[in-house]
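Colleague: For the record, the sequence lines run as chains A and B. Each residue of the first sequence is one higher than the last, beginning at 10 in the numbering used here. Each residue of the second sequence is one higher than the last, beginning at 152 in the numbering used here. Here it is: the structure, laid out below.
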Amino acid sequence: MALVALDKDYADKIDIRDRVENFHGNIVVYLHWEEHLSFCAATAFPLLPDMPFGALLGDILPTYYGMHPDFAAIDWAAVRWTVDGTAVTPDPEKSLKDHGVGHKSLIRFWTPGLNGYRGSCS
Amino acid sequence: MSTTTAAPFTTKAKLGLKQRYALLTRGLDWEPSYQSKSALYPYAEFEGIKIHDWSKWEDPFRLTMDAYWKFQAEKERKLYAVLDSFAQNNGQLGLSSPRYLNAIKLFLTGVSPLEYQAHRGFAHVGRHTPGVGPRIAAQMQSLDELRHVQTQIHTLSHYNKFFDGFNEFSHMHDRVWYLSVPKSFFDDARTAGPFEYFIAIGFAFEYVLTNLLFVPFMSGAAYNGDLATVTFGFSAQSDESRHMTLGIEVIKFLLEQDPDNLPIVQKWVDKWFWRGHRVLGLVAMMMDYMLPKKIMSWREAWDIYFTEAGGALFGDLSRYGLRVPKYADIATAEAEHISHQNWCTFYQYTHAAAFHTWLPSAEEMDWLSEKYPNTFDKYYRPRYEMWAEMEKEGKRFYNNALPQLCTTCQIPMVYTEPGDPTTISFRSSHFRGDTYHFCSDGCKDVFDGEPEKYAQSWLPVHQIFQGQCGGASMEDVLKYYRLNPGVDNMDQTGSPDQVMWDAWMAARSKVGG
Numbered sequence: 010m011a012l013v014a015l016d017k018d019y020a021d022k023i024d025i026r027d028r029v030e031n032f033h034g035n036i037v038v039y040l041h042w043e044e045h046l047s048f049c050a051a052t053a054f055p056l057l058p059d060m061p062f063g064a065l066l067g068d069i070l071p072t073y074y075g076m077h078p079d080f081a082a083i084d085w086a087a088v089r090w091t092v093d094g095t096a097v098t099p100d101p102e103k104s105l106k107d108h109g110v111g112h113k114s115l116i117r118f119w120t121p122g123l124n125g126y127r128g129s130c131s
Numbered sequence: 152m153s154t155t156t157a158a159p160f161t162t163k164a165k166l167g168l169k170q171r172y173a174l175l176t177r178g179l180d181w182e183p184s185y186q187s188k189s190a191l192y193p194y195a196e197f198e199g200i201k202i203h204d205w206s207k208w209e210d211p212f213r214l215t216m217d218a219y220w221k222f223q224a225e226k227e228r229k230l231y232a233v234l235d236s237f238a239q240n241n242g243q244l245g246l247s248s249p250r251y252l253n254a255i256k257l258f259l260t261g262v263s264p265l266e267y268q269a270h271r272g273f274a275h276v277g278r279h280t281p282g283v284g285p286r287i288a289a290q291m292q293s294l295d296e297l298r299h300v301q302t303q304i305h306t307l308s309h310y311n312k313f314f315d316g317f318n319e320f321s322h323m324h325d326r327v328w329y330l331s332v333p334k335s336f337f338d339d340a341r342t343a344g345p346f347e348y349f350i351a352i353g354f355a356f357e358y359v360l361t362n363l364l365f366v367p368f369m370s371g372a373a374y375n376g377d378l379a380t381v382t383f384g385f386s387a388q389s390d391e392s393r394h395m396t397l398g399i400e401v402i403k404f405l406l407e408q409d410p411d412n413l414p415i416v417q418k419w420v421d422k423w424f425w426r427g428h429r430v431l432g433l434v435a436m437m438m439d440y441m442l443p444k445k446i447m448s449w450r451e452a453w454d455i456y457f458t459e460a461g462g463a464l465f466g467d468l469s470r471y472g473l474r475v476p477k478y479a480d481i482a483t484a485e486a487e488h489i490s491h492q493n494w495c496t497f498y499q500y501t502h503a504a505a506f507h508t509w510l511p512s513a514e515e516m517d518w519l520s521e522k523y524p525n526t527f528d529k530y531y532r533p534r535y536e537m538w539a540e541m542e543k544e545g546k547r548f549y550n551n552a553l554p555q556l557c558t559t560c561q562i563p564m565v566y567t568e569p570g571d572p573t574t575i576s577f578r579s580s581h582f583r584g585d586t587y588h589f590c591s592d593g594c595k596d597v598f599d600g601e602p603e604k605y606a607q608s609w610l611p612v613h614q615i616f617q618g619q620c621g622g623a624s625m626e627d628v629l630k631y632y633r634l635n636p637g638v639d640n641m642d643q644t645g646s647p648d649q650v651m652w653d654a655w656m657a658a659r660s661k662v663g664g
């Protein structure tokens, strides 16, 4: 539906605050561990697009999700991943960009057999 | 006048209320002679609303206008008499628990500044409405809203003498991450056109939603010994009733003026109902978790004040062709979950909140089970039990990353799929090459209606990443918020508020023998 504005040139004057140039070379990446809602929402990180996927696995996930009792039991080979709704198989050596991760991409992962405290998805 | 009557005194017939009101309003209007009407009222037409006859506007306040000033003055006198008495008698000691005050801190930072925004918004539309009747009505409401923010600040200032977290409320409203939720609601309304503002605030907020804030929440304040809040709540409530009446009259007037107005009004009703419902999630959490003595669950409040009262309202409006807001069914289903999902969010981000949090006690969880028999034990009790176990082991659960936010409502994307409380609801849209994320179909619809507007959202998490919020560390950001770490935030247990309260109570029991 058309924009409703008094100024007919309004649409050309807007300031999009979240454009990638504003993040000092980073892209914003969202990460979400499915069926573990003690983490109330997906988490947001400013990351370099050339960062290897392995750094996500080795540094970010343990730091921010490691406190959950299920974390230590994850079978990483069985984890299912999507990037913006498309299934991916991570290659730790390749970059985020190589996995199709762009500015404001959402990465979701499922850990089979693990679905939160007493199966409550918490 | 007759010359044949030899009356000793000459008296003029007293004007009726309607006539007096007509003189007060229509008498104030004039036809511009050297400017066009459209130059005087530049905002009146761009939204597409068609008004053919402004004189058809029936001000719902016209019959009470004479009494208005008297009533307001009387209410002020009563309010300040009660406040004096409250202060002189150490009213803060009558609270059910200092824990209760965290709800009031959230009210002061998240709601009172909205009263000020409402004041400014109504002053603006009052200036820019071509019809003199609604112009006066909007100016009166503007004055009321200014009175509300003033009385709230005065009333709650009593607690500021003793408890933490009250001193920087206005600064915090503009900066603290979760306060961007109510702030963006009003920023959105005030940057819309005048008719959309009338619907957003006068109708969706005042009529459909403030009932849920001012009635059950103020009862909660009374039940928890907070005489200060009850007093301003009651003082404001009679104004709110008038504001609601104004909101409904605006809707009826627009719909009666031209059938082309209906789809525009419906779109606004849909949008602002959904946005308002999201903001009210904060009140849901106050009712279910933050009141030590509880009065009714959010579910019960929603059923009474939205489903029943709102249902009657929309029944009344259906003769104009207006239907119940889109996604009202989803909002009603979410009343089962919204308070729990919000409280879980604040619990894990307690280090970045300007109030204290806690886990519900065993008794409180039993109350929640009783009020939410189909959902609480299955989805939320295990979460609290896990966190309680972790607390016991000295591993209190914090979320140390920043959350993804919804571009429209700006709430962390914590809400789950309709019908599936175990899966987060992710929605997104593309605009000018970028992706935007939403917590719901309702929020996505709002964005898709005017993407140019919402693509400009000031999202706190992204602003922190851009370095606009004082720095990169949590410490920097809290300083930018003027939030005093270890004092204003973290758990209620062990907080300076709680320690001081316990000392007061111990001293009191000693005196009492």
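All C-beta atoms in this analysis are idealised placements derived from N, C-alpha and C, irrespective of residue type, glycine included.
#1: Strictly by DSSP, which residues pair up with H41 (chain A)?
#2: Please tell me whether N525 (chain B) has its Cβ less than 8 Å away from any Cβ of chain A.
#3: Which residues does DSSP list as the beta-bridge partners of T95 (chain A)?
#4: Please confirm if E44 (chain A) has its CB atom under 8 Å from at least one CB of chain B.
#5: Find out if the Cβ-Cβ distance for the pair F404 (chain B), G384 (chain B) is shorter than 8 Å.
#6: Considering only C-alpha positions, which residue in the set B:G245, B:G398, B:M564, B:T306 is nearest to L259 (chain B)?
#7: What ranges does the alpha helix (DSSP H) occupy inside the segment 339-397 of chain B, keeping only unbroken runs of at least 4 residues that lie completely in it?
#8: Rounded to whole angstroms, what is the Cα-Cα separation between H324 (chain B) and E601 (chain B)?
#9: Establish whether the CB of K113 (chain A) and some CB of chain B are separated by less than 8 Å.
#10: Say whether the segment 501-509 of chain B touches the segment 631-651 of chain B, bearing in mind that this needs 3 or more beta-carbon pairs closer than 8 Å, one atom from each stretch.
#11: Can you give me the C-alpha to C-alpha distance between V666 (chain B) and R633 (chain B), rounded to a whole angstrom?
#12: Name the DSSP bridge partner or partners of E568 (chain B)?
#13: What would DSSP say about I83 (chain A), mapped onto helix, strand or coil?
#14: Have a look at P511 (chain B) and A224 (chain B) and give me their C-alpha separation to the nearest angstrom.
#15: Leaving out the 5 sequence neighbours to the left and right, which residues in its chain are closer than 7 Å to T559 (chain B) when beta-carbon positions are compared?
#16: Taking only beta-carbon positions, decide if V92 (chain A) is within less than 8 Å of chain B.
#17: Measuring alpha carbon to alpha carbon, tell me which of B:P636, B:A232, B:K169 ends up nearest S386 (chain B).
#18: Is any beta-carbon of chain A found at less than 8 Å from that of S608 (chain B)?
#19: Who are the neighbours of H108 (chain A) on chain B, taking C-beta pairs under 9 Å?
#20: Kindly identify the DSSP beta-bridge partner or partners of R578 (chain B).
#21: Select from the segment 586-604 of chain B all residues with a C-beta closer than 9 Å to any C-beta belonging to chain A, and list them in chain order.
#22: Quick one: grab the DSSP three-state call for D599 (chain B).
#23: Kindly say whether F80 (chain A), judged by its beta-carbon, lies nearer than 8 Å to any beta-carbon of chain B.
#24: Less than 6 Å between C-beta atoms, sequence neighbours within five positions excluded: which residues of the same chain meet that for F314 (chain B)?
#25: Please state the DSSP three-state secondary structure of T501 (chain B).
#26: Short of 6 Å in beta carbon distance, which residues of its chain neighbour E391 (chain B), apart from the five on each side in sequence? Order them along the chain.
#27: Let's test the definition: count the other Cβ atoms within 10 Å of the Cβ of L519 (chain B) and tell me whether it reaches 16, buried, or not, exposed.
#28: Residues of chain A with CB closer than 7 Å to the CB of Y194 (chain B), please, in chain order.
#29: State buried or exposed for D235 (chain B), treating a residue as buried only when at least 16 other CB atoms are found within 10 Å of its CB.
#30: Residue ranges of each alpha helix (DSSP H) run of no fewer than 4 residues wholly in the segment 244-327 of chain B, ordered along the chain?
#31: Cβ closer than 8 Å: which chain B residues qualify as neighbours of D24 (chain A)?
#32: Could you tell me whether any Cβ in chain A is nearer than 8 Å to the Cβ of K661 (chain B)?
#33: Under a CB-based cut-off of 8 Å, is C620 (chain B) close to chain A?
#34: Does F548 (chain B) come out as helix, strand or coil in the three-state DSSP assignment?
#35: State the CB to CB distance for the pair Y348 (chain B) and G272 (chain B), rounded to an integer number of angstroms; the pair is presumed to be in contact (CB under 8 Å).
#36: Is there a Cβ from chain B that is less than 8 Å from the Cβ of D68 (chain A)?
Modeller: On the basis of the coordinates in this document:
#1: Position 32 of the first sequence, counting from 1, holds the residue named residue 41 (chain A). DSSP output for H41 (chain A) lists A:R117 as bridge partner(s).
#2: Residue mapping note: residue 525 (chain B) aligns to position 374 of the second sequence, counting from 1. At a cut-off of 8 Å between C-beta atoms, N525 (chain B) does not count as an interface residue with respect to chain A.
#3: Stepping through the first sequence from its first residue, residue 95 (chain A) is reached at position 86. Partner(s): A:V92.
#4: Sequence index remark: in the first sequence, residue 44 (chain A) carries index 35 (1-based). Yes, because at least one Cβ of chain B sits closer than 8 Å to the Cβ of E44 (chain A).
#5: Start at 1 with the first residue of the second sequence, and residue 404 (chain B) comes out as number 253. Start at 1 with the first residue of the second sequence, and residue 384 (chain B) comes out as number 233. For F404 (chain B) and G384 (chain B), no; Cβs fall outside 8 Å.
#6: As a first step, residue 259 (chain B) must be located in the second sequence, where it is residue number 108. Among B:G245, B:G398, B:M564, B:T306, the Cα nearest to that of L259 (chain B) is on B:T306.
#7: 345-348, 361-365, 367-374
#8: The residue given as residue 324 (chain B) occupies position 173 in the second sequence. The residue given as residue 601 (chain B) occupies position 450 in the second sequence. Roughly 25 Å separates the two Cα atoms.
#9: Locating residue 113 (chain A) in the first sequence gives position 104, counting from the first residue. Judged by the 8 Å Cβ criterion, K113 (chain A) is in contact with chain B.
#10: yes
#11: No information on residue 666 (chain B) is available, as it lies outside the stretch 152 to 664 that chain B covers here.
#12: For this step, residue 568 (chain B) is matched to residue 417 along the second sequence. According to DSSP, residue pairing for E568 (chain B) in a beta bridge involves B:D571.
#13: By 1-based counting over the first sequence, the position of residue 83 (chain A) is 74. Residue state, collapsed to three classes: coil.
#14: As a working note, residue 511 (chain B) is residue 360 in the second sequence. As a working note, residue 224 (chain B) is residue 73 in the second sequence. Straight-line Cα distance between these residues: approximately 42 Å.
#15: Along the second sequence, one-based indexing puts residue 559 (chain B) at 408. For T559 (chain B), where only same-chain residues beyond five positions count, the Cβ hits under 7 Å are F589, C594, V597, F598, Y605.
#16: Counted from its first residue, the first sequence places residue 92 (chain A) at position 83. No, its Cβ sits nowhere closer than 8 Å to a Cβ of chain B.
#17: Looking up residue 386 (chain B) in the second sequence gives position 235. For S386 (chain B), the nearest C-alpha among the options comes from B:A232.
#18: If you number the second sequence from 1, residue 608 (chain B) lands on position 457. Yes, its Cβ sits closer than 8 Å to a Cβ of chain A.
#19: In the first sequence, the residue the question calls residue 108 (chain A) occupies position 99. Residues of chain B passing the Cβ test: none, with the nearest at roughly 16 Å.
#20: Here residue 578 (chain B) corresponds to residue number 427 of the second sequence, with the count starting at 1. As computed with DSSP, R578 (chain B) is found in a beta bridge with B:F589.
#21: T586, Y587, H588, C590, D599, G600, E601, P602, E603, K604
#22: Position 448 of the second sequence, counting from 1, holds the residue named residue 599 (chain B). D599 (chain B): helix per DSSP, three-state reduction.
#23: To locate residue 80 (chain A), count along the first sequence from 1; it is residue 71. It does not: the Cβ of F80 (chain A) has no partner Cβ on chain B nearer than 8 Å.
#24: Locating residue 314 (chain B) in the second sequence gives position 163, counting from the first residue. Result list for F314 (chain B): L252, D648, in chain order.
#25: For this step, residue 501 (chain B) is matched to residue 350 along the second sequence. Looking at T501 (chain B) - three-state DSSP - the assignment turns out to be helix.
#26: Looking up residue 391 (chain B) in the second sequence gives position 240. Cβ within range, chain order: T361, F365.
#27: For the purposes of this step, residue 519 (chain B) is identified with residue 368 of the second sequence, where counting begins at 1. Buried, by the Cβ-count rule.
#28: Numbered from its first residue, the second sequence carries residue 194 (chain B) at position 43. The contacting residues are L15.
#29: Your numbering for residue 235 (chain B) matches position 84 in the second sequence. Label assigned to D235 (chain B): exposed.
#30: Those alpha helix (DSSP H) runs which fall completely within the segment 244-327 of chain B and span 4+ residues are 252-261, 263-278, 283-311, 320-326.
#31: Residue numbering aside, residue 24 (chain A) sits at position 15 when the first sequence is read from its first letter. Chain B residues near D24 (chain A): Q607.
#32: Taking the first residue of the second sequence as 1, we reach residue 661 (chain B) at position 510. It does not; no Cβ of chain A falls within 8 Å.
#33: Mapped onto the second sequence, residue 620 (chain B) falls at position 469. Taking Cβ atoms only, chain A never reaches closer than 8 Å to C620 (chain B), which makes this a no.
#34: The count along the second sequence starts at 1 and reaches residue 548 (chain B) at position 397. Looking at F548 (chain B) - three-state DSSP - the assignment turns out to be coil, as it is neither helix nor strand.
#35: Taking the second sequence and counting its residues from 1, one reaches residue 348 (chain B) at position 197. Taking the second sequence and counting its residues from 1, one reaches residue 272 (chain B) at position 121. That pair is a contact at about 6 Å.
#36: Translated into the one-based positions of the first sequence, residue 68 (chain A) becomes position 59. It does not; no Cβ of chain B falls within 8 Å.
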